[in-house]
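A.B. asks: Numbering (UniProt numbering), first residue to last: 1 to 956.
Think of the CB as a built atom: it goes at the ideal place given N, C-alpha and C, for glycine as much as any other residue.
Being a predicted model, the structure only gives us computed values, none of them experimental.
Before I ask anything, here is the structure I am working with.
Right, dumping it as structure tokens:
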């Protein structure tokens, strides 16, 4: 019988007269292989409707970017504009037709059915007709273009060689393309420590045994102050407490041993010989925790080697002497207890408990041993940045063990409240401990962590470190990685035991922050105090945190990490959050944050699979945000604003035309032009822009992280910016319509032979001629408007910009210059040809386009010189050649084999900036190649020569 709750598995297995409890550790997942036994007894579970997928299915909240939310808001505004225009047109139509001569003119007499129709139905019909006429103001094609931009743009992250880690052969991964632009809006970064800021490669450094500190030197355990200078190279053998400590470390773990069976089979040996404790094959330790693996390897070097694990038997070799222990029970690690234990039967027949865990989980339950000395040593190890574990034991009498065994079996075979009963049993067993000592394991920092954190800070991004490590260890690592500065005032919220005590401490910290607002502050908070702060004092806690430059949360449980992210995410300011981690304990906060990033580390792939993006090292986060995030945001923000602008330009003349045709719902443009405007004539330039635009060079963005602040708070999609583009669209539309009307009005020469317009009105200047003139001016103007917004020109930009205008003219000539047999009507026949044969038409087109775009050019020039932003200043510096004195795009052009693009040649990077051009330099290009460039074209950016080169495919 079995029961499942969430991810917890409960089962009892009845075999003859035995009852065996089964838990998650007994589950064999698909693809598992048996290595340490010849046969097993099994039972099939998780079948049918009790499968894991069926039982654990739940709706996952979908992450939506700030840009997508802004798009939806703008769409509602445009929907209101559409309804307003349709209602106004309908009302004006009936107001105009109030006069009988306009209601039923002599040339358009009504039928009897039309006279007797319901006025309400007529009103609704006219309203719907106007909705259809004006519906193109809603940019449906915007969503298609945005999805294409996101999908195609997401490949750039994987193609960037600067995000490729050569040692592990890992390139950046994009698990979702919906959040690309969100990388440019991050305000808070929540990061794990172990495996994220550090390498997660543990090395045993020191230990404390019975109040004496030891360190490993050349595979020998030496007391503090002693050196390895014995004449014969030997040291006194370890005895008593030292030996017991080493045995506890080598036995209290869940490490597995892997044997090379291929070697064994090659010589005709028994592939299961190691199951009987006899094996000459090389073995290797595997563990879910790198700390356990480091400790077991250290004891092996010292002389106490864990050599075999065969079901319920564990073997160690103590200085060559084989000892067999019977494994009776394993008390698994859980984040609440923060410790794990094993109960063994010694070779002499005694029963002993070995346990290890955090000092806060072991020392309170220790009753003997050098407790205070060990506590001091643990604090010293933590101040050095070492990861600490405390080791203890307990010896059972035969009567005590019978009681312990009975309690454990009863709790493990319970189908109801098993977790609670197990916790009670564990608490009953893990008490009255004899303290043996503590270990200190070093986990070194990853490369360029300090530079990355400093770059994020200069970009206006606050970094919070959330870790389960001890307070002293976490502070030491924070100082070494630059998260805390040496001159920073460190505030502490630690070891709070009551709500009142926590509230009072928070008030004290808040007062200190107000008094010392000049200097930077850092906050350290532990898990227990955080629980109290989040219970009733969230507002006060958030006020303290937001006034601190850096926050460090230690002794954190996985769910507490997610709660902290959710607390900041739902605060009144609604900041954009990013969580980054490498292990399964970071999944909850990765899923909770707006953007989740997984590190491809040594703790499995749970974080990577549940993340939105995955990178191999923490240092890649700087370029991912400062460069990729910056580019993605400016591209898609301009794309959104431009789409709304060009649709306003498109439909507003249609609305104005109704005033001149008695609101008869006559369309201004031909139906083919209505269809192809967003599909062919104006689609490619904005798509290419949204893929390749760069306001400044990638290296400038990396070297000047402060430029990230220019796009923060969704500045390019603010309501003010949206209003500017919308008003601009209406203004241009009025100029298109009335400019064409005025310039091509009465007594204006239209024909090339000098004939007067009035005399040829019935042949030439009809509805379609006027509409085509407006449409021609509009296509040219909106395309050139995007050209004015383009800063980074490539040959593809030139091709689609001028090609779109040329395509419109060529298409119109063929469409209107030939009688197509498959068309029922051809209203546009010879209209475009006659229009282009008029010098007045060409004059009107040039005058109207200049009238529309000249104010934009003037505004850009004035703002650029009178009120330039930091980005514009960088553009001017880059244009003046201050990026690097040796920068030459021709000489520095990448070779095809070094390119990180599949299709097109990349733009070369500048040389390293001079000492006066930047305050921070994160990445120096290697000598063997230039760092990965961004634009997939050999660009003619700002007047530089283009040198095309076609790259090879990704070779890794």
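Please specify which runs of the beta strand (DSSP E), each continuous and at least 3 residues long, are wholly inside the region 375 to 459, giving them in chain order.
C.D. replies: Qualifying beta strand (DSSP E) stretches, in chain order: 387 to 396 and 433 to 445.
A.B. asks: Could you check what DSSP says for residue 521 in three-state terms: helix, strand or coil?
C.D. replies: As a working note, residue 521 is residue 521 in the chain shown. Strand, per DSSP.
A.B. asks: With a 10 Å radius around its C-beta and 16 neighbouring C-beta atoms as the bar for buried, classify residue 179 as buried or exposed.
C.D. replies: Indexing the chain shown from 1 puts residue 179 at position 179. Under this definition residue 179 is a buried residue.
A.B. asks: Assess, as a yes-or-no matter, whether the region 625 to 645 is touched by the region 694 to 709 under the definition of 3 or more beta carbon pairs within less than 8 Å.
C.D. replies: Cβ pair count under 8 Å is three or more, so yes.
A.B. asks: Using CA coordinates, which residue listed in 120, 326, 127 and 634 is at the minimum distance from residue 712?
C.D. replies: Position 712 of the chain shown holds residue 712. For residue 712, the nearest C-alpha among the options comes from 634.
A.B. asks: Identify every residue that forms a DSSP beta bridge with residue 164.
C.D. replies: If you number the chain shown from 1, residue 164 lands on position 164. DSSP output for residue 164 lists no bridge partner at all.
A.B. asks: Looking at the secondary structure, which residues open and close the alpha helix (DSSP H) in which residue 68 lies?
C.D. replies: Here residue 68 refers to the residue found at position 68 of the chain shown. Per DSSP, residue 68 belongs to the alpha helix (DSSP H) from 66 to 96.
A.B. asks: Just to confirm, is the Cβ distance from residue 618 to residue 446 under 7 Å?
C.D. replies: By one-based count along the chain shown, residue 618 stands at place 618. By one-based count along the chain shown, residue 446 stands at place 446. Cβ atoms of residue 618 and residue 446: closer than 7 Å.
A.B. asks: Please name the residue in 620, 399 and 808 whose C-alpha comes closest to that of residue 158.
C.D. replies: For the purposes of this step, residue 158 is taken as residue 158 along the chain shown, with counting starting at 1. Nearest of 620, 399 and 808 to residue 158, Cα basis: 620.
A.B. asks: Ignoring anything shorter than 3 residues or poking outside the region 293 to 356, list the beta strand (DSSP E) runs there in chain order.
C.D. replies: Segments of the beta strand (DSSP E) lying fully in the region 293 to 356: 304 to 310, 313 to 318, 321 to 331 and 339 to 345.
A.B. asks: Quick one: grab the DSSP three-state call for residue 793.
C.D. replies: For the purposes of this step, residue 793 is taken as residue 793 along the chain shown, with counting starting at 1. Looking at residue 793 - three-state DSSP - the assignment turns out to be coil, as it is neither helix nor strand.
A.B. asks: Over what stretch of residues does the beta strand (DSSP E) that includes residue 620 continue unbroken?
C.D. replies: In the chain shown, the residue the question calls residue 620 occupies position 620. Looking at the DSSP string, residue 620 is not in any beta strand (DSSP E); the run it does join, the alpha helix (DSSP H), is 620 to 623.
A.B. asks: For the putative contact between residue 131 and residue 86, defined by C-beta atoms under 8 Å, what is the C-beta separation to the nearest angstrom?
C.D. replies: Walking along the chain shown from the start, residue 131 turns up at place 131. Walking along the chain shown from the start, residue 86 turns up at place 86. The Cβ separation is near 5 Å, so the contact holds.
A.B. asks: Helix, strand or coil: which one does DSSP assign to residue 464?
C.D. replies: To locate residue 464, count along the chain shown from 1; it is residue 464. If DSSP states are grouped into helix, strand and coil, residue 464 belongs with the strands.
A.B. asks: Return the first residue and the last residue of the beta strand (DSSP E) that residue 502 is part of.
C.D. replies: For this step, residue 502 is matched to residue 502 along the chain shown. From DSSP, residue 502 is part of no beta strand (DSSP E) but of the alpha helix (DSSP H) over 499 to 515.
A.B. asks: Does DSSP put residue 713 in a helix, a strand or coil?
C.D. replies: For the purposes of this step, residue 713 is identified with residue 713 of the chain shown, where counting begins at 1. Three-state DSSP puts residue 713 in a helix.
A.B. asks: Let me make sure I understand the geometry here. Which of 494, 602, 616 and 209 has the alpha-carbon closest to that of residue 166?
C.D. replies: Walking along the chain shown from the start, residue 166 turns up at place 166. For the residues 494, 602, 616 and 209, the minimum Cα distance to residue 166 belongs to 616.
A.B. asks: Assign residue 364 to buried or exposed, taking buried as 16 or more other Cβ atoms, counted over all protein chains shown, within 10 Å of its Cβ.
C.D. replies: As a first step, residue 364 is located in the chain shown; it is residue number 364 there, counting from the start. Flag for residue 364 reads exposed.
A.B. asks: Do residue 177 and residue 141 have their C-beta atoms closer together than 7 Å?
C.D. replies: The residue you call residue 177 lines up with position 177 of the chain shown. The residue you call residue 141 lines up with position 141 of the chain shown. No, these two residues do not count as a Cβ contact at 7 Å.
A.B. asks: Let me check understanding here. Comparing Cα to Cα, which of 293, 788 and 205 lies closest to residue 857?
C.D. replies: Your numbering for residue 857 matches position 857 in the chain shown. Among 293, 788 and 205, the Cα nearest to that of residue 857 belongs to 788.
A.B. asks: Are there 16 or more other CB atoms within 10 angstroms of the CB of residue 354, so buried, or fewer, so exposed?
C.D. replies: The count along the chain shown starts at 1 and reaches residue 354 at position 354. Result: buried.
A.B. asks: Can you list, in chain order, the residues of its chain whose CB lies under 7 Å from that of residue 665, leaving out five sequence neighbours each side?
C.D. replies: Indexing the chain shown from 1 puts residue 665 at position 665. Correct list, in chain order: 129, 130 and 133.
A.B. asks: Which residue or residues does DSSP assign as beta-bridge partners of residue 202?
C.D. replies: If you number the chain shown from 1, residue 202 lands on position 202. Bridge partners of residue 202: 443.
A.B. asks: If you measure between the beta carbons of residue 252 and residue 342, is that distance less than 7 Å?
C.D. replies: Counting from 1 along the chain shown, the entry for residue 252 is found at position 252. Counting from 1 along the chain shown, the entry for residue 342 is found at position 342. Yes, Cβ-Cβ distance for residue 252 and residue 342 is below 7 Å.
A.B. asks: If you follow the alpha helix (DSSP H) that residue 561 is in, where does it begin and where does it stop?
C.D. replies: Position 561 of the chain shown, counted from the first residue, corresponds to residue 561. Segment 558 to 569, the alpha helix (DSSP H) holding residue 561.
A.B. asks: My guess is that residue 580 and residue 597 are in contact by the Cβ rule of under 8 Å, so how many angstroms apart are they, rounded?
C.D. replies: As a position in the chain shown, residue 580 is number 580, starting the count at 1. As a position in the chain shown, residue 597 is number 597, starting the count at 1. Between residue 597 and residue 580 the Cβ distance is about 4 Å, and since that is below 8 Å, they are a contact.
A.B. asks: So is residue 610 buried or exposed if we call it buried at 16+ other beta carbons inside 10 Å?
C.D. replies: Counting from one through the chain shown, the residue named residue 610 turns up at place 610. Buried, because 16 or more other Cβ atoms sit within 10 Å of the Cβ of residue 610.
A.B. asks: What first and last residue would you give for the beta strand (DSSP E) that runs through residue 739?
C.D. replies: Locating residue 739 in the chain shown gives position 739, counting from the first residue. Unbroken run through residue 739 is the alpha helix (DSSP H), 719 to 743; no beta strand (DSSP E).
A.B. asks: Note down the Cα distance separating residue 545 from residue 382, rounded to an integer number of angstroms.
C.D. replies: For the purposes of this step, residue 545 is taken as the residue at position 545 of the chain shown. For the purposes of this step, residue 382 is taken as the residue at position 382 of the chain shown. Each residue's Cα considered, the two are about 24 Å apart.
A.B. asks: Taking the alpha-carbon of residue 402 as reference, which of 439, 329 and 876 has the nearest alpha-carbon?
C.D. replies: Numbered from its first residue, the chain shown carries residue 402 at position 402. If we check each option's Cα against that of residue 402, 329 comes out closest.
A.B. asks: Relative to the alpha-carbon of residue 485, which residue among 779, 475 and 197 has its alpha-carbon at the smallest distance?
C.D. replies: In the chain shown, residue 485 corresponds to position 485, counting from 1. The shortest Cα separation from residue 485 among 779, 475 and 197 belongs to 475.
A.B. asks: Can you tell me which residues form a DSSP beta bridge with residue 189?
C.D. replies: Here residue 189 corresponds to residue number 189 of the chain shown, with the count starting at 1. Note: residue 189 sits in a beta bridge opposite 463 and 578.
A.B. asks: Measuring straight from C-alpha to C-alpha, what distance separates residue 869 and residue 463?
C.D. replies: Within the chain shown, numbered from 1, the residue matching residue 869 stands at position 869. Within the chain shown, numbered from 1, the residue matching residue 463 stands at position 463. Using only the alpha carbons, I get a separation of about 25 Å.
A.B. asks: Taking C-alpha atoms, which residue in 796, 351, 379 and 347 lies nearest to residue 359?
C.D. replies: Translated into the one-based positions of the chain shown, residue 359 becomes position 359. Looking at the Cα atoms, 379 is the closest of the given residues.
A.B. asks: Determine whether the beta carbon atoms of residue 186 and residue 578 lie at a separation below 7 Å.
C.D. replies: For the purposes of this step, residue 186 is identified with residue 186 of the chain shown, where counting begins at 1. For the purposes of this step, residue 578 is identified with residue 578 of the chain shown, where counting begins at 1. In this structure, residue 578 lies closer than 7 Å to residue 186 by Cβ.
A.B. asks: Find the nearest neighbour of residue 548 within the set 744, 555, 509 and 362, judged by alpha-carbon distance.
C.D. replies: On the chain shown, position 548 is the one that residue 548 refers to. Minimum Cα distance to residue 548 is reached at 509.
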